[in-house]
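Numbering-wise, our numbering comes out as the position in the sequence shown, counting from 1, plus 11.
Structure, as structure tokens:
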Amino acid sequence: MSKRHTMLLLYSIIVSVILGVAAGWYMGEDALMFSWMGTLFLNALKMVVVPLIVAAIISGVASLGDVRKLGKPGGITFLYFIVTTLIAAMIGMSLAEIAVPGGDFHLTPSDVSIAANAGTTSIGEILLGLISPNIVASAANMDLLQLIIFSIIFGAALTVTGEKGKAVSSFFESLNGIMMVIVGWIMYLSPFGIFALVATPIAEAGGKEGVIETFAAVGGYLVIVLSGLVIHSVLLFIVLIFIAGRGITYLRDVLPALLTALSTSSSSATVPLSIECATDHGLPKSPVRFVIPLGSTINMNGTAVYQSVATIFLAQVYGIDMVFSDYVLIALTTSLASIGSAGIPQGGHIMTLMLFSIVGIPAEGFGLILGVDWFLDRMRTTLNVWGDLVGAAVLARFTK
Ligand code: ASP
Numbered sequence: 012m013s014k015r016h017t018m019l020l021l022y023s024i025i026v027s028v029i030l031g032v033a034a035g036w037y038m039g040e041d042a043l044m045f046s047w048m049g050t051l052f053l054n055a056l057k058m059v060v061v062p063l064i065v066a067a068i069i070s071g072v073a074s075l076g077d078v079r080k081l082g083k084p085g086g087i088t089f090l091y092f093i094v095t096t097l098i099a100a101m102i103g104m105s106l107a108e109i110a111v112p113g114g115d116f117h118l119t120p121s122d123v124s125i126a127a128n129a130g131t132t133s134i135g136e137i138l139l140g141l142i143s144p145n146i147v148a149s150a151a152n153m154d155l156l157q158l159i160i161f162s163i164i165f166g167a168a169l170t171v172t173g174e175k176g177k178a179v180s181s182f183f184e185s186l187n188g189i190m191m192v193i194v195g196w197i198m199y200l201s202p203f204g205i206f207a208l209v210a211t212p213i214a215e216a217g218g219k220e221g222v223i224e225t226f227a228a229v230g231g232y233l234v235i236v237l238s239g240l241v242i243h244s245v246l247l248f249i250v251l252i253f254i255a256g257r258g259i260t261y262l263r264d265v266l267p268a269l270l271t272a273l274s275t276s277s278s279s280a281t282v283p284l285s286i287e288c289a290t291d292h293g294l295p296k297s298p299v300r301f302v303i304p305l306g307s308t309i310n311m312n313g314t315a316v317y318q319s320v321a322t323i324f325l326a327q328v329y330g331i332d333m334v335f336s337d338y339v340l341i342a343l344t345t346s347l348a349s350i351g352s353a354g355i356p357q358g359g360h361i362m363t364l365m366l367f368s369i370v371g372i373p374a375e376g377f378g379l380i381l382g383v384d385w386f387l388d389r390m391r392t393t394l395n396v397w398g399d400l401v402g403a404a405v406l407a408r409f410t411k
């Protein structure tokens, strides 16, 4: 999508949020007649979930090069990615559990069976559920965790198959590109979808009174996500000082990259500037060139904070009781979801929907948080990029 189109879409989304609020406010229950538009938009997004996840993960892992040769730098980088993403997810979940942003605001899921399934899985079942006995059935049933695990294994195998695997690698590379084009087209539907998805919960919550309640709940969600992003950024800064031995000057030198992330909402678009800022600061070229491009596609701390807060928030709104295994599932899935999320504006959407379906949250709940997502996307992308920049400094320290 060109910059002009992205800006146009952003303005249309803001207008559709305002119109959605107005429709819910003035029309009350009558605004439910628009709900099909929201469902259409969500169905279009769900349509690309399976091919996109498979293609994004396989091509992402395949681009690593021979996995047997990743060695110490690869090990340190992956450990850093996994640990920081898990911490991000835990911060998000804890804040949402403590502050309960969805506490007084309740909606009824239209598909009761989804919510009824939640909260019944034990840790043993989660682990068993990771490996599919029939991957075709997993794709058909949208057992997304199984698909993710299979795609990681498949991508890793591709990296060791040499010449023979080349054709398959480029097939998934192109499939990924094609799916991203389709997602771009679906985003043109988003102003209509978001209008309906904003109007519907307000109408369901009772028109005028619903507006205030909805605003309070979504406002609470927004504040919690922002707090999580700030806490995690500070934590990474501390990591930077103690582990990588760099301080405020690093933050000052990479500021142009962080501001670019803030203004483009895209970690991928920020890669060239991040590399330049980090090397200008004095980090050696090789860790920078390894961690930053890789991190822009598979390390998304900000996205993990947002996804975990969103999941707990909506579970509260739909009255879904979370048990310990659900938290494990969220932490695991947000970490895996980072691998599949593209580093482009709102690239985490498909993975967020996937997370909801795994935990048992109705997809229509997505509408509640979409209205503020254009803003949160900028904030979380900045943290995503900060996470990669800190990762490069950590790797530089250990591979001196
Ligand atoms: N916009 C984010 C990025 O580029 C991805 C997302 O969370 O939607 O890093």
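Ideal Cβ positions, reconstructed from N, Cα and C, are used throughout, including at glycine.
Tell me the residue span of the alpha helix (DSSP H) that contains residue i.
i      : result
Thr271 : 259-275
Ser352 : Run containing Ser352: none; DSSP gives neither H nor E here.
His360 : 360-370
Gly256 : Careful: Gly256 lies outside any alpha helix (DSSP H) and carries neither H nor E.
Tyr317 : 312-328
Asn145 : It is not in any alpha helix (DSSP H) - Asn145 carries neither H nor E in the DSSP assignment.
Gly187 : Looking at the sequence provided, one finds Asn at residue 187 rather than Gly. Counting along the chain, the alpha helix (DSSP H) containing Asn187 begins and ends at 177-215.
Met44  : Segment: none, Met44 is in no alpha helix (DSSP H) and carries neither H nor E.
Glu40  : Note, Glu40: premise wrong, no alpha helix (DSSP H); not H, not E.
Met390 : 384-409
Arg300 : 296-309
Ser105 : 82-110
Ser278 : 278-292
Gly166 : 155-170
Phe377 : 377-381
Ala73  : 60-73
Do residue i and residue j have their C-beta atoms closer together than 8 Å?
i      : j      : result
Val405 : Ile254 : yes
Pro62  : Leu186 : yes
Leu240 : Val316 : yes
Ala67  : Ala353 : yes
Pro84  : Pro298 : yes
His292 : Tyr261 : yes
Phe387 : Gly113 : Here residue 387 is Leu; the residue named in the question, Phe, does not match the sequence. Their beta carbons are not under 8 Å apart, which means Leu387 does not touch Gly113 by this criterion.
Ser276 : Thr392 : yes
Ile205 : Leu381 : yes
Ile93  : Ser346 : yes
Ser285 : Val396 : yes
Leu90  : Thr170 : no
Leu247 : Gly398 : yes
Gly359 : Met390 : no
Ile361 : Val65  : no
Gly31  : Val265 : no
Glu287 : Leu53  : no
Val383 : Leu233 : yes
Which residues in the same chain have their Cβ closer than 6 Å to the Cβ of residue i, if we skip the five residues on either side of it in sequence?
i      : result
Glu40  : Ala214
Pro304 : Val282
Ala127 : For Ala127, the pLDDT reaches just 41, beneath the cut-off of 50, and the residue's location in the model is therefore unreliable, leaving the point undetermined.
His16  : none
For residue i, which residues of its own chain have a beta-carbon under 7 Å away from its beta-carbon, when the five flanking residues on both sides are left out?
i      : result
Ser124 : Low per-residue confidence applies at Ser124: pLDDT is 41, beneath 50, and the placement is therefore not dependable, though the value from the model is reported in the following sentence. Here the set comprises nothing.
Ala403 : Ala289, Leu294, Pro298, Val299, Val302, Ile303
Ile350 : Ile68, Gly71, Ile309
Trp36  : Ile213, Gly218, Lys219, Val222
Phe409 : Ile87
Residues in the same chain with beta-carbon distance under 8 Å from residue i, minus the five sequence neighbours each way, listed in chain order, please.
i      : result
Leu20  : Met12, Met198, Tyr199, Ser201, Pro202
Ile369 : Leu155, Leu156, Leu340, Thr344
Leu141 : Leu156, Gln157, Ile160
Ile242 : Ile102, Leu106
Gly296 : Just to set this straight, residue 296 is Lys in the shown sequence, not Gly. Thr290, listed in sequence order.
Thr211 : Gly35, Ala42, Leu43, Phe45, Ser46, Gly49, Glu375, Gly378
Using a beta-carbon distance below 8 Å, is residue i in contact with chain B?
i      : result
Phe248 : Chain labels in this structure do not include chain B; a single protein chain is all it has.
Between the segment 231-238 and the segment 97-108, are three or more C-beta pairs nearer than 8 Å? yes
Below 8 Å, can you find three or more Cβ-Cβ pairs linking the segment 217-236 to the segment 45-56? no
Please determine if the segment 152-167 and the segment 357-377 are in contact, where contact requires at least 3 C-beta pairs separated by less than 8 Å. yes
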